Ligand SMILES: [Zn+2]
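Here it is as structure tokens:
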């Protein structure tokens, strides 16, 4: 029985692009494969945030070992590289897409990373959805929400949700704060837009009864070895790393 449901945070799955100033958000394909295989071997089932939300809010310890798998920004490699691996091991996951950047590149990170990478286009995201994975929202333009006035805040949060729902013909109930930036006003806007849940970049493993609009995550980064990955999942090792 467990009252913990770790939510793992990934970005890109693939090689570090040439010229990148930071490597942490790029988890290699082989490392990812080994992580997903380890989860399955140890009896974990990877779930979407929609499924995790239902379990976390029910609040009763689970008999089954669950962990939620999340991918921020909607990188193309989430579909071309990660999706086959997820399917092979029977896991599900949530990918948070930026509605006005679909099929483009993550230029918002270029100042930090020195490079940009391709984001999934509409066809790739449909493939993701058709495989039983979840599409979550990550605003219209990856704006830093705490800096926006109320009207622009609603447009980024609610507008991003409606754009994804209209384009893909489904309900989008899960949100992720770009840059992790949130405060009480932003959280209120996410709730008002109709989202059931939202993830932050606060480090830690989610526990039953967690605030559904402030769900912390376990950061899985390029430099983590498989043992560190396991410690982060099973212990409090990841609360500070
Ligand atoms: Zn992001």
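In my numbering, the protein residues as written are -3 to 237. Ideal placement from N, C-alpha and C gives every residue a C-beta, glycine not left out. Remember, predicted model here, so these are calculated numbers, not experimental data.
Query                                                                                                          : Result
Any non-hydrogen atom of ligand 1 closer than 7 Å to residue 80 Cβ                                             : no
Residues near ligand 1, criterion Cβ-heavy atom distance below 6 Å                                             : 68, 69, 134, 138, 174
Bounding residues of the beta strand (DSSP E) (the contiguous stretch that carries residue 5)                  : 3 to 6
Cβ pair count under 8 Å reaching 3, the region 200 to 208 against the region 164 to 176                        : no
6 Å CB neighbourhood of residue 96 in its chain, flanking five on each side removed                            : 136, 137
Start-end ranges of the alpha helix (DSSP H) lying completely within the region 140 to 169, minimum 4 residues : 146 to 164
Beta bridge counterpart(s) of residue 64 as assigned by DSSP                                                   : 3, 43
Contact the region 120 to 134 vs the region 70 to 89: 3+ CB pairs below 8 Å                                    : yes
Residue of 7, 185, 46 minimising C-alpha distance to residue 94                                                : 7
Counted within 10 angstroms of its Cβ, other Cβ atoms place residue 219 as buried (16 or more) or exposed      : exposed
Close Cβ partners of residue 140 (< 7 Å) along its chain, the five nearest in sequence each way excluded       : 174, 175, 177
Residue 96, enclosing beta strand (DSSP E) - first and last residue                                            : It is not in any beta strand (DSSP E) - residue 96 carries neither H nor E in the DSSP assignment.
Status (buried if at least 16 other CB within 10 Å, exposed otherwise) for residue 90                          : buried
Whether residue 29 touches residue 81 by CB criterion (8 Å)                                                    : yes
Residue burial classification, residue 26 (beta-carbon count within 10 angstroms, cutoff 16)                   : exposed
Contiguous alpha helix (DSSP H) assignments of at least 4 residues, all confined to the region 98 to 131       : 106 to 109, 118 to 126
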